[in-house]
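Residue numbers (the numbering used here), protein chains in the order written: chain C, 416 to 824; chain G, 416 to 824.
Comments concern the structure below.
Number of protein chains: 2
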Amino acid sequence: MAVGETRFPKMPVIEGLRLGTTMAGIKKPGRRDLVVIEIPEGARVSGAFTRNAFCAAPVTVAREHLAACEARGEGARYLVINTGNANAGTGEVGLRDARATCAELARLAGVEEQSVLPFSTGVIGETLPMDRLLAGLPGAVQALDDGAGAWQAAGEGILTTDTRAKGASVTLALGEETVTLNGIAKGSGMIRPDMATMLAFVATDAAIEQPLLDQLLREAVDRSFNCITVDSDTSTNDACMLIATGHGSPVVEGEALERFREGLLQVMTELAQAVVRDGEGATKFVTLQVDGAHSRREALDVAFTVAHSPLVKTALYASDANWGRILAAVGRAPVEDFDVNRVTIDLGEVRLVENGGRAPGYTEEAGSAVMAREEIEIRISLGRGDQGATVWTSDLSHDYVTINADYRS
Amino acid sequence: MAVGETRFPKMPVIEGLRLGTTMAGIKKPGRRDLVVIEIPEGARVSGAFTRNAFCAAPVTVAREHLAACEARGEGARYLVINTGNANAGTGEVGLRDARATCAELARLAGVEEQSVLPFSTGVIGETLPMDRLLAGLPGAVQALDDGAGAWQAAGEGILTTDTRAKGASVTLALGEETVTLNGIAKGSGMIRPDMATMLAFVATDAAIEQPLLDQLLREAVDRSFNCITVDSDTSTNDACMLIATGHGSPVVEGEALERFREGLLQVMTELAQAVVRDGEGATKFVTLQVDGAHSRREALDVAFTVAHSPLVKTALYASDANWGRILAAVGRAPVEDFDVNRVTIDLGEVRLVENGGRAPGYTEEAGSAVMAREEIEIRISLGRGDQGATVWTSDLSHDYVTINADYRS
């Protein structure tokens, strides 16, 4: 199940950046499961990774290799991504396997091992089937291509329980030149990113220095992937990479920087929202907008408390305007000195709550009409400050339980 | 659905304490939904209430009246509890209705309005059907009785989505005399108590001064009701009352106090566990034991992070020893400077995780054998301190979604 449409766009070429996808039979045969992304020399690469203490072996190795590249003043040259197996909770064996994957691709491509960053997604706790993975690498390298078909194949090659590929692209006019941003992402369950979503790869032809690239990535992740939740579970493998090939216009400051910042946020938000729309079992796409908070942190706390409430999520699934559950979730959010009489809650255009209780004009008919929609907006105003935040989430359906009670079988 | 057996015990008489239950037709006809508890003069009454900022009108009024009684150096004389309607999110009307309920029972019983404490449980956001509630009060008063049948009827009269009444009783030998503790509780969904469960009423014939009674209640609540979760949602109506009639032995200090403390914790823990066993859609009863933490708070944070994980809960439902999900949940717990290489995770007698990954001797067969049980113990050792905590929870099943997607229809 999934909410609404997510069209995979026809991605423009980003010069020098190529993607190769193959079927390595990592979990099951006949499925795209191994992707190699080739990055031109001179590019800058920035990464944001999960804060889960049990981070996966590829996250550890990707961080190490990225740091080594940066120390040499270079960008990474290759990303290698497998699906079907997260290589997480695999201890020393997992680290050795992640490094061996990098080493083999480095050998094939004629680069340093540390210029290759590994990414994995899938079941936690099983070791990688290294024979099949290594045997698949030459095919992925042979498939390297910069066309729209290669982007689409890579978008498909990183999926797990996702029902559809997720891509976003914008082309920005910066003065007389244009800059392109292409991104792909995967994610459907174990989605409560705490740095980034499961996996997202965004590339641009803009020329951006490393410190600015790092800052742009951090800002955009905080407003996009870090503002979504499907099931409150932060993954061991979250990673979001931003690649700037440098073949196009420079982005340094002023209006060009602002435009680029907006474009990047747009691509990342589209990808993040696509993850929620394709959330496991999702039948609703929900925007939670909190304002009137003392701080953005406080607004996020309220939004995530509501977004994680199983009772709110099942009411959304049932299209039941059970606003008492929203009110109860807001009331248990970690907010100091909370005066609930100042809180208003709106469901779409319908006022649900004011003065600590049901809004006088509220009718079940009006509430139910909004809840019946596939895309629902809940606005919560705390009436105590001028900060806000927006979070996107999905509902909790029978299919969510079915998917997660059957995932490994 | 519910896990295991919960036998409602044959409660001994607590002299002077009587319970009356009737069918007032508050939500539907032919169902016990209104309970009055009569407390003898001279008793001491202590209460613990929800910390949800949107607390229900009866919670506000019960707190006020309890404070007024304490200011006069008296205990409350009557508790009145309705099910079918939580009188929460009902603003000024709700407060007026809760006070009117107290006033009418006070008039019938010939006591002060402030000697009556109101409690409600059920749907949030609808006003109480005061005509039916007030019309039901005389019947409840007429039914007042101190026998085991009256305890059982009261246990049934406070239920909502619960599938069975929950009671616990112990009789303690204190020197040459005995002291009795009887308790009833309700709760099945919206269970993540933050002071107490939905509703629990515990009475003893012991004679205990107010400050000690308050302290004993607080301690016992922290180790029982505050250590359970079904669905992470803290209710607007949580309340736990402890009544000491004073007709029996005094409990002041020394061995008698220790015995009483243990007995109280036993009754409250049995009731709290009974709530989890009857958790909405529950098919498993899960004990999460965390040790090796820097503080009890840290141990509780880890335990609740695992207990709230939808992915862990669906794996429990599926009897799938998907230990990677437990590991991922532990890894995202809010623990500073977390060295995961020191963490061990055991499922029953089977070691799942050590040294940051799967334990060497682990086999799927061994894990699956434990997961197939109805009662499951997960032990997590953080290896960084000597503090611990135990939390009880249930799984996330199709029935949970069904119950909560259909509750109001």
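Ideal Cβ placement from N, Cα and C applies to all residues, glycine included.
Given the structure is predicted, the values throughout are model-derived calculations rather than measurements.
Residue environment, residue i, which counts as buried when at least 16 other CB atoms sit within 10 Å
i: D752(G); result: exposed
i: E685(G); result: buried
i: G909(G); result: The requested residue 909(G) is not part of the displayed model; chain G covers only 416 to 824.
i: R487(C); result: exposed
i: P775(G); result: exposed
i: S710(G); result: exposed
i: A501(G); result: buried
i: I441(C); result: buried
i: R712(C); result: exposed
i: A482(C); result: exposed
i: N756(G); result: exposed
i: A491(G); result: buried
i: T516(C); result: buried
i: P533(G); result: buried
i: R522(C); result: exposed
Alpha-carbon spacing of residue i relative to residue j, whole angstroms
i: A689(G); j: R422(G); result: 9 Å
i: M786(C); j: D735(C); result: 6 Å
i: T808(G); j: T578(C); result: 31 Å
i: L767(C); j: T759(C); result: 7 Å
i: A380(C); j: V531(C); result: Given a span of 416 to 824 for chain C in the structure shown, any question on residue 380(C) remains unanswerable.
i: A733(G); j: M605(C); result: 17 Å
i: F464(C); j: A654(C); result: 4 Å
i: L631(C); j: V666(C); result: 11 Å
i: V660(C); j: D821(C); result: In the sequence on display, residue 660(C) carries Thr and not Val. Distance between the alpha carbons of T660(C) and D821(C) is about 42 Å.
i: Q681(G); j: T805(G); result: 14 Å
i: G803(G); j: D716(G); result: 11 Å
i: A714(C); j: V745(C); result: 11 Å
i: E695(C); j: I429(G); result: 52 Å
i: I452(G); j: G431(G); result: 11 Å
i: L811(G); j: P725(G); result: 7 Å
i: A615(G); j: D512(C); result: 54 Å
i: R607(C); j: A588(G); result: 52 Å
i: Q567(C); j: L657(C); result: 18 Å
i: D629(G); j: P427(G); result: 24 Å
i: G739(G); j: S650(C); result: 10 Å
Residue of the options minimising C-alpha distance to residue i
i: P444(G); options: T660(G), G551(G), A463(G) and V526(G); result: G551(G)
i: A718(G); options: V758(G), G800(G), I795(G) and A468(G); result: I795(G)
i: G763(C); options: V750(C), A781(C) and E769(C); result: A781(C)
i: E634(C); options: G669(C), E677(C) and A417(C); result: E677(C)
i: P424(C); options: A600(C), E592(C) and G707(C); result: A600(C)
i: M683(C); options: T475(C), N467(C), E695(C) and V636(C); result: V636(C)
i: A580(G); options: I818(G), W738(G), G803(G) and R447(G); result: R447(G)
i: E456(C); options: A524(C), D653(C), A482(C) and M426(C); result: A524(C)
i: E528(C); options: K442(C), S535(C) and L520(C); result: L520(C)
i: V701(C); options: L797(C), Y777(C) and I741(C); result: I741(C)
i: D801(G); options: D821(G), D810(G), G707(G) and K728(G); result: G707(G)
i: T817(G); options: E695(C), T729(C), G590(C) and E571(C); result: T729(C)
i: N505(C); options: N770(G), M426(G), R478(G) and T516(G); result: In the sequence as displayed, the identity of residue 505(C) is Thr instead of Asn. When only C-alpha atoms are compared, the closest one is N770(G).
i: A622(C); options: N737(C), G663(C) and T542(C); result: G663(C)
i: D382(G); options: T437(G), A569(G), H480(G) and G772(G); result: Missing from the structure shown is residue 382(G); chain G here goes from 416 to 824 and no further.
i: V556(C); options: I454(C), A417(C) and A697(C); result: I454(C)
i: M825(C); options: T778(C), E790(C), A439(C) and N467(C); result: Since the first and last residues shown for chain C are 416 and 824, residue 825(C) lies out of range.
i: R799(C); options: E541(C), S783(C) and V750(C); result: V750(C)
i: V617(C); options: R459(C), T437(C) and V476(C); result: R459(C)
i: F640(G); options: H480(G), E624(G) and S603(G); result: S603(G)
Check your understanding: When you check each C-beta in the region 780 to 792 of chain C against every C-beta of chain G, which residues fall closer than 9 Å?
Key -> Of all residues in the region 780 to 792 of chain C, none is placed with a Cβ closer than 9 Å to any Cβ belonging to chain G.
Exercise for review: Evaluate the contact criterion for the region 590 to 599 of chain C versus the region 660 to 675 of chain C: three or more CB pairs, one atom per stretch, below 8 Å.
Suggested key: Touching, yes.
Practice item. Please name the residues in the region 459 to 479 of chain C whose beta-carbon is closer than 8 Å to at least one beta-carbon of chain G, in chain order. Key: Near chain G, meaning a CB-to-CB distance below 8 Å, the residues of the region 459 to 479 of chain C are R466, N467, A468, F469 and C470.
Point to revise | Inter-stretch contact at 8 Å, needing at least 3 Cβ pairs: the region 559 to 568 of chain G / the region 463 to 480 of chain G | key: No: the two stretches stay apart, fewer than three of their Cβ pairs being nearer than 8 Å.
**Study point:** Residues, ordered as in the chain, of the region 710 to 726 of chain C that lie near chain G by beta-carbon distance below 8 Å
**Key:** Answer set for the region 710 to 726 of chain C: H723, S724, P725 and L726.
Practice item. Anything in the region 739 to 751 of chain C with a Cβ closer than 9 Å to a Cβ of chain G? List those residues in chain order, please. Key: For the region 739 to 751 of chain C, the residues whose beta carbon sits under 9 Å from a beta carbon of chain G are, in order, G739, R740, L742, A743, A744, V745, G746, R747, A748 and V750.
**Study point:** Near-chain C residues of the region 695 to 706 of chain G (beta-carbon distance less than 7 Å), N- to C-terminal order
**Key:** Contacts with chain C (Cβ-Cβ distance below 7 Å) from the region 695 to 706 of chain G involve no residue at all.
**Study point:** Contacting positions in the region 800 to 811 of chain C - beta carbon closer than 8 Å to chain G
**Key:** The residues in question are L811.
**Study point:** Residues in the region 641 to 672 of chain G having any Cβ partner in chain C nearer than 8 Å
**Key:** Residues of the region 641 to 672 of chain G with a C-beta less than 8 Å from any C-beta of chain C: D646, S647, D648, T649, S650 and T651, listed in chain order.
Review point. If contact means a Cβ-Cβ distance below 9 Å, which residues of the region 587 to 610 of chain G contact chain C?
Key: Shown in chain order are the members of the region 587 to 610 of chain G whose Cβ falls below 9 Å from a Cβ of chain C: G604, M605, R607 and D609.
Check your understanding: Which residues, in chain order, does the region 490 to 504 of chain C contribute to contact with chain G at a C-beta distance below 9 Å?
Key -> Residues A501, A503 and G504.
Practice item. Can you give me, in chain order, the residues of the region 424 to 447 of chain G that have a beta carbon less than 8 Å from any beta carbon in chain C? Key: For the region 424 to 447 of chain G, which is checked against every Cβ of chain C, not one residue is closer than 8 Å.
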